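Numbering (the numbering used here), first residue to last: 18 to 115.
Every residue gets a Cβ at the ideal spot worked out from N, C-alpha and C, and that includes glycine.
Model, not experiment: these values are computed from the prediction.
One structure is given here, and the rest of the page talks about it.
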């Protein structure tokens with residue numbers, strides 16, 4: 018069985034899929050399991066437009082995970098405080114809802 022057949026056997030079809038098996042990606046391109054390369058002009062469904070494996074993004078995520086990969090919102094963290102400040106200054110809002 019190939020990837021699409023295996024997926025279709027074990028997943029309920031809640032939405033249609035494009036018959037493309039993404040195997041690897043970097044920045045704005047991805048390569049399918051047959052070696053064909055595509056340029057991404059879309060984004061994740063309602064999540065991001067970061068492309069794949071962008072070096073700066075990967076470095077930032079790895080650095081954060083090495084120090085603190087997750088914290089409950091019951092506690093304070095410096096990255097969360099800096100992000101809230103940047104978000105408010107950028108959008109003009111005085112506070113974000115958490």
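Under 9 Å between C-beta atoms of residue i and residue j
| i | j | result |
| --- | --- | --- |
| residue 57 | residue 45 | yes |
8 Å Cβ shell around residue i - same chain, five flanking residues per side excluded
| i | result |
| --- | --- |
| residue 113 | 101, 104, 105 |
C-alpha distance - residue i paired with residue j, whole-angstrom precision
| i | j | result |
| --- | --- | --- |
| residue 42 | residue 18 | 24 Å |
| residue 80 | residue 98 | 17 Å |
| residue 54 | residue 40 | 10 Å |
| residue 23 | residue 75 | 30 Å |
| residue 30 | residue 69 | 25 Å |
| residue 107 | residue 86 | 25 Å |
Residue span of the beta strand (DSSP E) that contains residue i, given as start and end
| i | result |
| --- | --- |
| residue 39 | 39-43 |
| residue 55 | 54-56 |
| residue 47 | 46-49 |
Of the listed residues the options, nearest to residue i (C-alpha basis)
| i | options | result |
| --- | --- | --- |
| residue 47 | 67, 30, 78 | 67 |
Spatial neighbours of residue i in its chain, beta-carbon cut-off 7 Å, leaving aside the 5 residues before and after
| i | result |
| --- | --- |
| residue 38 | 20, 21, 49, 50 |
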